[in-house]
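Just below is one structure, and these are the notes that go with it.
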Amino acid sequence: MSAEQQLARLERQILGAARVSSFLDTVDLLRRMLAQESPEIRARVLTLVAPSIGRDLAAAVGAAWNIGVLDAEKVIGEGRVKGVPGTPPKTLVAAARASEKAIGAELAKARKLARVGADVATVLAPVFAASNVLQRDVTTLVNHAGNKGTAAVADAVGLSTVWVAETNACVECLAYSGRISKPGKPFPGGLTYGAKSYHPDPVDVPPLHPRCRCELEPLVSREYADALRREADRSVLRGFSLESEPMRVRVEAAERLLARGVDAPKSVIAYARRAVKRGEFGTRGRP
Ligand SMILES: [Zn+2]
C-alpha cells in the first residue's frame, strides 16, 4: 500500500471520530467528574446537545462516501469516473439517522434523570450507553459508506474489488482479506479461519460485523490480492489479534491452518506449532 493510500485510509478512520470528538470529550469529562462525585454533574448532563451530534454522524457518512470514491479513483488513476452517484445509499443515511435517534433518546433519558435528581451513577448510565452507540456506529457506518463509494467507482468502470483486512483483524475478516469480487457481485458468505462462521450470507462490501475495520479497493493487481492472502495466513500463524478475541479461537485457527497445509516460511510455521502446543501465543502484537 502506498503512503498516499495509507494516509487516505487514516483520514477515513479518523473522519467520523473527529466530528464527534467533542461529545466523547464531554463523556470523558463526566467520567472524571463521577470519580470526584462532583455536584456539577447534573448541570453538565443538561448541556449535552444531541441534535448537533446527530447531524454530524449523518454528515460523516456523506463525507466518508466521497473519500471512498476519491480513494478508488486514485487507485485506478484515470481521473474522475463517470456514472458514480454523488451521495451514499439512502439505507446508510437512514442508519446514521437511526443511530442519531438512539443516541438522542439515551441523552434525553439522562437529562430527565438529572432533572428529577437521580444519583450520579443512574444519570450517567444512559450517557455511557449513548457514547457506546456513537463509537460503534461511527466506526461501522463511516467505514461502510467509504467502502460503498469505492465499490460504486469499481462497478462504474467494470473492475473487480479486493477485500483488505487489518493484520490483527478477527479470524472471519482475515479469511476475506485478499478475496476478490467481480463488478456488482457480493463476496461469498461463511468464510472463516475459525471453527464456524457467524456470517453465512453473501456480503457486498465490508464491514462484516460491527466495529469491523476492513476496507475495499479496486483490484488493479492480482499479485496484491495474493500477497494479502499470504499475509492473512501469516497473521493466523503468528496470532496477531486484538484482546477482544479469545486466545482459544486464535490457537485453534492456527492449528486448523497447519493441519490444512499452508505456504509460509519455516520459521513462521515452527512458531505456530510451538504456540499450538503451548495453547497460547506469547504475544498478540503485530509488526
Ligand atoms: Zn473486518
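In the working numbering, the protein residues as written are 21 to 307. Even glycine gets a Cβ: it sits at the ideal position worked out from N, Cα and C.
When the Cα of residue i is compared with those of the options, which residue comes out closest?
i: residue 285; options: 305, 258 and 303; result: 258
i: residue 152; options: 230, 281, 271 and 174; result: 230
i: residue 85; options: 99, 163 and 184; result: 163
i: residue 222; options: 232, 207 and 236; result: 207
i: residue 260; options: 98, 304, 147 and 106; result: 304
i: residue 191; options: 136, 275 and 97; result: 275
i: residue 109; options: 161, 128, 279 and 264; result: 161
i: residue 297; options: 129, 283 and 278; result: 278
i: residue 236; options: 243, 217, 280 and 173; result: 173
i: residue 171; options: 49, 251, 293 and 224; result: 224
i: residue 107; options: 135, 78 and 137; result: 78
i: residue 98; options: 238, 216 and 189; result: 238
i: residue 264; options: 188, 96, 100 and 273; result: 188
Can you tell me the Cα-Cα spacing of residue i and residue j, whole angstroms?
i: residue 226; j: residue 133; result: 38 Å
i: residue 290; j: residue 169; result: 41 Å
i: residue 87; j: residue 143; result: 38 Å
i: residue 300; j: residue 246; result: 28 Å
i: residue 295; j: residue 219; result: 27 Å
i: residue 266; j: residue 102; result: 45 Å
i: residue 139; j: residue 116; result: 31 Å
i: residue 158; j: residue 124; result: 15 Å
i: residue 241; j: residue 122; result: 42 Å
i: residue 175; j: residue 250; result: 26 Å
i: residue 186; j: residue 232; result: 9 Å
i: residue 83; j: residue 292; result: 42 Å
i: residue 149; j: residue 287; result: 45 Å
i: residue 135; j: residue 129; result: 10 Å
i: residue 302; j: residue 244; result: 29 Å
i: residue 217; j: residue 145; result: 33 Å
i: residue 248; j: residue 137; result: 55 Å
i: residue 281; j: residue 273; result: 12 Å
In the structure shown, what three-state DSSP assignment does residue i receive?
i: residue 146; result: helix
i: residue 126; result: helix
i: residue 70; result: Unreliable placement is indicated for residue 70, whose pLDDT of 46 sits below 50; no coordinate value is reported for it.
i: residue 159; result: helix
i: residue 211; result: coil
i: residue 282; result: coil
i: residue 255; result: helix
i: residue 93; result: helix
i: residue 263; result: coil
i: residue 200; result: strand
i: residue 136; result: coil
i: residue 181; result: strand
i: residue 239; result: coil
i: residue 223; result: strand
i: residue 193; result: helix
i: residue 300; result: coil
i: residue 81; result: helix
i: residue 103; result: coil
So, is residue i buried or exposed, given that buried needs 16 or more other C-beta atoms within 10 angstroms?
i: residue 253; result: buried
i: residue 81; result: buried
i: residue 255; result: buried
i: residue 262; result: exposed
i: residue 271; result: buried
i: residue 308; result: Because the chain in this structure spans residues 21 to 307, residue 308 falls outside the shown range and cannot be described.
i: residue 105; result: exposed
i: residue 76; result: buried
i: residue 119; result: buried
i: residue 184; result: buried
i: residue 126; result: buried
i: residue 156; result: exposed
i: residue 131; result: buried
i: residue 141; result: exposed
Is any heavy atom of ligand 2 found at a distance shorter than 7 Å from the C-beta of residue i?
i: residue 233; result: Annotation note on ligand 2: not contained in the displayed structure, which lists ligand 1 as its ligands.
Any 3 or more C-beta pairs closer than 8 Å across the region 210-222 and the region 192-200: yes
Can we say the region 171-184 touches the region 77-95, given the rule of at least three CB pairs closer than 8 Å? yes
Looking at C-beta atoms only, is the number of pairs between the region 199-207 and the region 158-169 that lie closer than 8 Å three or more? no
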